[in-house]
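Participant: The following block contains the structure, expressed as structure tokens.
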């Protein structure tokens, strides 16, 4: 009986230790959400928010790049799609910096809103991309799984960005500017060539925009968190 | 006419062309843009490969237009990146924009254009190698020595603003080695190497990769010699070895402790004790005498026939004066020998050393060998060329009286019938026993006699001989043996009795020889009593002995019905049947109900259910 009691005590002590260590460690774990959505005075540091955001944006671009390469290899060989995919991204209406100097001249608030605009512009296309890839003949799993993952992570990045904006510019009412995507009919075209080009174009634009977001976020992180001394 | 003109013109043109060709001049071949690269995602360069120049000086121009623009530009810089290249500086570089670039080759004869190349600077980033690779050997006092490698990112790359994020990889090898040892360093610009071979010169290189680009070239080699006294020994290694050996020792000790005994027995198997079949260990319980007698086996001569001497016996209790009267005996006048008492036999007679059932009377109770009679084959066993019938002595014989064929063993002696010749294979052992026993017993007998017996036994050993099947043969065999005996009468006569002589002197036994077996399965028994009688050691009272020497039949698989042979000298119809065996034979057969033997209060134990064997020392006892 004594053994039981002592073991129980030891077990509870261990549990307590684990709990405390978890609480201490949780602060540095990017994946654990500490601030529930809607909390006003959340104390997650800006550094952690940016670290998480950069990780997500980097991951999303990697997935987009792989997805594009997979599609290009499978469906677009010899069709000369690249020649047609010129100036065909729906987010080109959003004026975004085109090189490093321009990006560094943009104020970080503006840059943040631009990032948010691009992210929001992709909510709808990503949703339809998943649906339409599923309907493709021999729905390629490599493309479909990545599309699903990108859609999921894009939502999370959007939430993270909104948190960052809440910390960097608390209380600023923001215009939700984003581009409307109207490429759905093309994705559903009966003509295979047209439809495939629509997919190609969509994936091409996704790859580009994800890279753009990633670059902007890394610039912002180094600028805001590390004071331009990464 | 017009046709003539046309053909002439064509002819002249062809001539012209041929002339030009003969001169070796032609428009330039088609150039090809084979590589475009940006070292820092801020500028980029494209290189082309010229085609055939056609023998004439060719001029190359690069033109491009950007995505979303219609205006065509020409290369801003042909020089910076070397021949056949075009360098786009920062002003002319836009990220996330597709450039459509074309190279035109022009010479006197004509021009040709390359295929347009679609370039997006975003995806062609390949930085320069890292710079300022430094190597340093550090040997702190209280820590392990190590090699400290440091470098700097390439000069053009802007890492501080976060425009590019670089990851590094180093590789090193001893100068003479063939393979490089590669280590990933992440985003840090330094690295520590702990495992180095002293006395060698090491070469180190580093390269880098942007977050979404290509690996750079390897930096130039840096070398560093490692001094010979670069001690890499570590106390932790010794500690680890010590701990490991301690753990192993503990495990071994624990294993030995737990399984020590079984291990020892595995390595040194214990000497197996003698296994005596039929030895009933419970007989030894609480009986020191029996134990002693059991231990008395030590004197047994060490022969391989030890087992052979384990004889299955049917104890014949010759109650009182009764003796088995043989059917007819030429040689044996039918005197049964009354064995003298021997020291009380505490042994059950079955498998104990000291159960000289043949030779001494140990038990008053009738003993039988139930196994023999339990089966029809037992009946076969009952067919023996010789049987030992101990002469019961004492009052117990009277108790036996009621049972005939009750071969009671009077007193403490158990008389048993050595199953010398079990015809069936099942009991071949007993035949061996008998032979061996006889041999043993007849140590002093003539060899011929032994041989005789051997032969007899050998023949008896033939499995084909069964009572049922080879009754006649058996009888013939016995007759044969008899004839043999007649020849060597003296010897033979002395054989068994002689064997028995020393035995009988101490523990006189009465042997009943199976004279013959009749067709109906009746055993004709011949007591070898003439020898015994000659010894004048007999105390038999043949007159009143009732001898049943003929096995009539076997009933119920455990009742041997013996018939009194009319031809026996001493005949006394014995009418009382055995307990459970209703005698129904004309000759007043007495059924041998093995199960009905009374258990005398003697030390003898009646083994009814199991195989009973005599311990060899039981036979040897008289010789001591």
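Protein chains in written order, with this note's numbering: chain A, 6 to 235; chain B, 2 to 625. The C-beta atom is built at its ideal place from N, Cα and C for all residues, glycine as well.
How would you write the range of the alpha helix (DSSP H) that residue 216/B sits in, first residue to last?
Facilitator: Residue 216/B: not part of any alpha helix (DSSP H); DSSP gives it neither H nor E.
Participant: In this structure, does DSSP put residue 195/B in helix, strand or coil?
Facilitator: coil
Participant: Do the CB positions of residue 215/A and residue 93/A come within less than 9 Å of each other?
Facilitator: no
Participant: By DSSP, does residue 172/B sit in helix, in strand, or in coil?
Facilitator: strand
Participant: So residue 154/B and residue 136/B are in contact, right, with Cβ under 8 Å, and what is the actual spacing, rounded?
Facilitator: Not a contact, Cβ separation roughly 18 Å.
Participant: For residue 208/B and residue 157/B, I'd like the C-alpha separation in whole angstroms.
Facilitator: 14 Å
Participant: Residues in its own chain within less than 8 Å of residue 183/B by CB, not counting five upstream and five downstream?
Facilitator: 170, 171, 172
Participant: Starting from residue 149/B, trace the beta strand (DSSP E) in both directions and tell me its first and last residue.
Facilitator: 147-153
Participant: Give every residue of the same chain whose Cβ lies closer than 7 Å to the Cβ of residue 43/B, excluding the five residues on either side of it in the sequence, and list them in chain order.
Facilitator: 91, 94
Participant: Check whether chain B comes within 9 Å of residue 35/A, counting only Cβ atoms and requiring the distance to be less than that.
Facilitator: Interpretation of residue 35/A is limited by its pLDDT of 46, a score under 50 that renders its predicted location unreliable; the figure taken from the coordinates is listed afterwards. Not an interface residue.
Participant: Please work out which residues of its chain come closer than 6 Å, Cβ to Cβ, to residue 50/B, disregarding the five sequence neighbours upstream and downstream, and give them in chain order.
Facilitator: 33, 35
Participant: Within the same chain, show all residues whose beta-carbon is closer than 8 Å to that of residue 134/B, passing over the 5 residues directly before and after it, in chain order.
Facilitator: Excluding sequence positions up to five before and after residue 134/B, its CB lies within less than 8 Å of the CB of 150, 151, 152, 205, 206, 207, 220, 221, 223, all in the same chain and listed in chain order.
Participant: Output needed in chain order: residues of the region 201-216 of chain A with a Cβ under 7 Å from some Cβ in chain B.
Facilitator: 213, 216
Participant: Alpha carbon to alpha carbon, what distance is there between residue 67/B and residue 26/B?
Facilitator: Going from the Cα of residue 26/B to the Cα of residue 67/B covers about 35 Å.
Participant: Where does residue 183/A sit, in a helix, a strand or coil, going by DSSP?
Facilitator: Residue 183/A: coil per DSSP, three-state reduction.
Participant: Is the CB-CB distance between residue 220/A and residue 108/A below 9 Å?
Facilitator: yes
Participant: Can you give me the C-alpha to C-alpha distance between residue 210/B and residue 120/B, rounded to a whole angstrom?
Facilitator: 20 Å
Participant: Beta-carbon within less than 7 Å of residue 202/A's beta-carbon, same chain only, minus the 5 sequence neighbours each way: which residues are those?
Facilitator: Closer than 7 Å at the Cβ level, and outside the excluded window around residue 202/A, lie 86, 89.
Participant: Going along the chain, which residues of the region 67-80 of chain A sit with their C-beta nearer than 9 Å to a C-beta in chain B?
Facilitator: 67, 70
Participant: Measuring only the C-alpha atoms, how far is residue 47/B from residue 96/B?
Facilitator: 15 Å
Participant: Report the neighbours of residue 95/B on chain A: residues whose CB is nearer than 8 Å to its CB, in chain order.
Facilitator: Those are 103, 104, listed as they occur along chain A.
Participant: Which value, in whole angstroms, describes the spacing of the CA atoms of residue 183/A and residue 160/A?
Facilitator: 15 Å
Participant: Output the distance between the C-alpha atoms of residue 228/A and residue 234/A, rounded to the nearest integer angstrom.
Facilitator: 7 Å
Participant: State the Cα-Cα distance for the pair residue 86/B and residue 80/B, rounded to the nearest angstrom.
Facilitator: Distance between the alpha carbons of residue 86/B and residue 80/B is about 7 Å.
Participant: In chain order, what are the residue ranges of uninterrupted beta strand (DSSP E) at least 3 long that sit wholly in the region 102-128 of chain B?
Facilitator: 112-114, 118-121
Participant: Whole angstroms are fine: how far does the CA of residue 249/B sit from the CA of residue 274/B?
Facilitator: 37 Å
Participant: So, under 8 Å CB-CB, residue 247/A and residue 99/A are touching, yes? Tell me the CB distance rounded to an integer number of Å.
Facilitator: Because chain A is modelled from 6 through 235, residue 247/A falls outside the range shown and cannot be assessed.
Participant: Using the Cα positions of residue 122/B and residue 208/A, report the straight-line distance between them to the nearest angstrom.
Facilitator: 17 Å
Participant: Report all residues from its chain with a CB closer than 7 Å to the CB of residue 312/A; omit the five preceding and five following residues, and keep chain order.
Facilitator: Any question about residue 312/A goes unanswered here, given that chain A covers just 6 to 235.
Participant: Using a Cβ cut-off of 9 Å, which residues of the region 145-161 of chain B contact any Cβ in chain A, in chain order?
Facilitator: 159, 160, 161
Participant: At which residues does the beta strand (DSSP E) containing residue 38/B begin and terminate?
Facilitator: 33-38
Participant: Does residue 92/A come within less than 9 Å of chain B when only Cβ atoms are used?
Facilitator: yes
Participant: Looking at the unbroken alpha helix (DSSP H) that takes in residue 56/B, where does it start and where does it end?
Facilitator: From DSSP, residue 56/B is part of no alpha helix (DSSP H); its letter is neither H nor E.
Participant: Distance, Cα to Cα, residue 188/B vs residue 55/B?
Facilitator: Separation of residue 188/B and residue 55/B (C-alpha to C-alpha, rounded to the nearest whole angstrom) is 51 Å.
Participant: If you draw a straight line from the C-alpha of residue 186/A to the C-alpha of residue 205/A, how long is it?
Facilitator: Roughly 15 Å between the two C-alpha positions.
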